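Below is one structure, written out as structure tokens, with a few remarks after it.
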Amino acid sequence: MEYPTTFLGWAGLIGFGGLGFVFTITLVVFVHELGHFLAARYFGVKVESFSIGFGRALAGFTDRYGTYWKVGWLPLGGYVKFWGDEGVSSTPDHEKIDRASAAERAGSFHHKALWKKAIIALGGPVANFILALVILTGLFWIYGTSVVTAQIGALAKGLPAELAGFKVGDTVLAIDGSPVTEFQDIITSVGVSQGQQLIFRVRRDGKVIDIPVTPQQIEKEDPFGNKIKDAGIGVRPVIPGKVSTVAPGSAAERAGLKADDIVVAVDKAPVFTWKDIAAGLRAANGGPVKVTFYRDEFDPKLKRNKAKKSEVTLTPAGPLTSTADSDRFVEEVAGFTATVPGAPESETLVRFGPLEAASRAAGTVWFIVVKTLSFIGQLLTGTGDYQQLSGPIGIAQVSGQVLVFFGVVALINLAAVLSVSIGLLNLFPIPMLDGGHLLYYGIEAVRGRPLGERAQELGFRIGFALVVGLMLFATWNDITKFKLF
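In the working numbering, the protein residues as written are 681 to 1165.
See the structure below:
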């Protein structure tokens, strides 16, 4: 899949991205700040302002408790400002605090007990995790998820799985002793184990064998064709050849193939991926091939569709010397295309009860947390790819792609992922972030008194420089990655 690589070419997609970006950021930031707000109100802290976005207010109102709610023009975050704060980062206004009356002290965040301040600081990240759990639980419960069997359908040459001795058709039963029931289990285990040896237990030709393999960083394509680097071993699931379209007058039409037929063999050779169909056509060298497929036909006795196995003879046409990829080659010489080239189609839609959905949501949140921490650890040790960092432009671009190609439900799913990431990153012990405040409170608890004003101010300056520097770096990554100029 190809996308425009110029500034003007991206404009349309970024337009949709802007809508998706504003939706996801607004939702995630609002819930984050609401977590701080509710915890503060519970402990009697006076909240002066609640802002979504920074800068001049586009709209706002003051509630009956004196809190000014507003929407800023720059949708890159938000804040809750308590009484006694000097700015939006909750740094104390010592002069104001020192001359506070007894009533003002009662509503001052900075006069609350340490444990109360810690809970208020944790309120934002906790709210983000709760939002993600609620969204994912709802999606798993209402829509379910597609489950792909844990059978190896293709191996990438020269990558760990092939080098370790995996074979097409192997079914993975367990990884390091943990049962594997679907292909996503493989992705999850491999994704957080770069550089660590894993023991795969697989079933092959009726026998069970163990294969050690070490995931490494490999370049992949996401569903939109964007290049990404991630831990992997070079395997893909079984992708049966489900037919999407049949060209009029083509070899496929003459043979009798129709849309939605599922090709399972070419000249008796089983089809695991679309490449197997191309390989069968190439092997025939222009001669006829036997194509075995399943087609849904209505059974009057059962009063429903039933898959019927059939076989036709197809004589390829077109340039058998073509160097096109498998999907294009099959289209050129046989005249039919895959439903979603390169995407799994042997998926079973599984819906869950509320408890199962919540359990699966919790597992997904945990995977995002571990994956994020693993990536950050790789960056700190110099083994990660810093070019994978994305800023607002990257988030807008992905939001646009998700909204355009997969719809609103997928965008809500993206909001859940982003919510986990923002909640986790805010727990990092960097002054300016919630984790930085927790660090200060921890130091105060150990010392018996807070850090001095100058030390705290220096910490906030360093934290501000780190956060802004990281955002600028990520934005520059986006600009160079998408070739906007």
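Every residue, glycine too, gets a C-beta built ideally from N, C-alpha and C. Just so we're clear, the structure is a prediction, and the values are computed from it rather than from any experiment.
Check                                                                                                                              : Outcome
Per-residue burial, Arg916 [other beta carbons within 10 Å of its own, 16 or more giving buried]                                   : buried
Cross-strand partners of Arg785 (DSSP beta bridge)                                                                                 : According to DSSP, Arg785 bridges with nothing at all.
Beta-carbon separation (whole angstroms), Ile832 vs Gly849, contact threshold 8 Å                                                  : 7 Å
Residue environment, Ser1002, which counts as buried when at least 16 other CB atoms sit within 10 Å                               : With a pLDDT of 49 at Ser1002, under the threshold of 50, the predicted position of this residue should be treated as unreliable, though the coordinate-derived value follows. The residue in question, Ser1002, is exposed, as its Cβ has fewer than 16 Cβ neighbours within 10 Å.
Per-residue DSSP class, three states only, for Gln1077                                                                             : helix
Cβ separation of Ile866 and Val872, assumed to be a contact under 8 Å, to the nearest whole Å                                      : Not a contact, Cβ separation roughly 12 Å.
Among Ser729, Phe734, Ala739, nearest to Gly764 - alpha-carbon criterion                                                           : Ser729
Whole-Å CB distance - Ala1037 paired with Phe820, under 8 Å assumed                                                                : 4 Å
DSSP bridge partner residues for Arg765 (one or two, in chain order)                                                               : One point to set straight first is that residue 765 is Asp, not Arg, in the sequence displayed. In the DSSP output, where bridge partners are listed per residue, Asp765 has Pro772.
Environment of Glu991 [buried if 16+ CB atoms lie within 10 Å]                                                                     : exposed
Residues near Ile810 by beta carbon distance below 7 Å, same chain, minus five either side                                         : none
Contact set for Gly700: own chain, Cβ-Cβ below 6 Å, skip 5 residues either direction                                               : Ser1079, Gly1080, Leu1083, Leu1091
Endpoints, the alpha helix (DSSP H) within which Gly1103 is located                                                                : 1088-1105
Nearest-angstrom Cα separation, counted from Leu839 out to Asp956                                                                  : 20 Å
Integer-rounded CB distance, given that Ser1101 should sit under 8 Å from Thr1052                                                  : 6 Å
Neighbour-count burial assignment, Ala1096, 16 or more Cβ in a 10 Å radius                                                         : buried
Residue of Phe723, Lys726, Ser731 minimising C-alpha distance to Ile712                                                            : Per the sequence shown, the amino acid found at residue 712 is His instead of Ile. The residue with the shortest Cα to Cα distance from His712 is Ser731.
Alpha-carbon spacing of Leu937 relative to Thr851, whole angstroms                                                                 : 30 Å
Contacts around Ala1125, its chain only, beta-carbon distance under 7 Å, and the 5 residues preceding and following it disregarded : Leu794
Coarse secondary structure for Val888, derived from DSSP in three states                                                           : strand
Touching by the beta-carbon criterion (3+ pairs, under 8 Å), the stretch 1055-1068 and the stretch 1124-1143                       : no
Distance, Gly1033 Cα to Thr868 Cα                                                                                                  : 22 Å
Phe741 vs Lys796 beta-carbon contact at 8 Å                                                                                        : no
Alpha-carbon to alpha-carbon, Ser1099 and Phe710                                                                                   : 11 Å
Buried or exposed by the 16-neighbour rule on C-beta atoms within 10 Å, applied to Thr1160                                         : exposed
Endpoints, alpha helix (DSSP H) assigned at Thr1044                                                                                : 1034-1061
Segment contact flag, the stretch 1103-1113 with the stretch 778-790, C-beta cutoff 8 Å, min 3 pairs                               : no
Length at least 4, wholly inside the stretch 802-880: the alpha helix (DSSP H) runs in chain order                                 : 840-844, 863-871
Closest residue to Val969 among Lys989, Glu766, Lys948 (Cα-Cα distance)                                                            : Lys948
In DSSP terms, what Ile898 is bridged to                                                                                           : Asp910
Cα-Cα separation, Phe752 to Gly1071                                                                                                : It is worth fixing the name first, because residue 752 is Gly in this sequence and not Phe. Rounded to the nearest angstrom, the two C-alpha atoms are 19 Å apart.
Buried versus exposed, by CB contacts within 10 Å (16 or more), Val725                                                             : buried
Where Ile1110 sits in the DSSP three-state scheme                                                                                  : coil
Nearest-angstrom Cα separation, counted from Asn1157 out to Gln1068                                                                : 8 Å
Three-state class that DSSP yields for Lys988 in the structure shown                                                               : strand
Enclosing alpha helix (DSSP H) for Ala935 [first to last residue]                                                                  : 931-935
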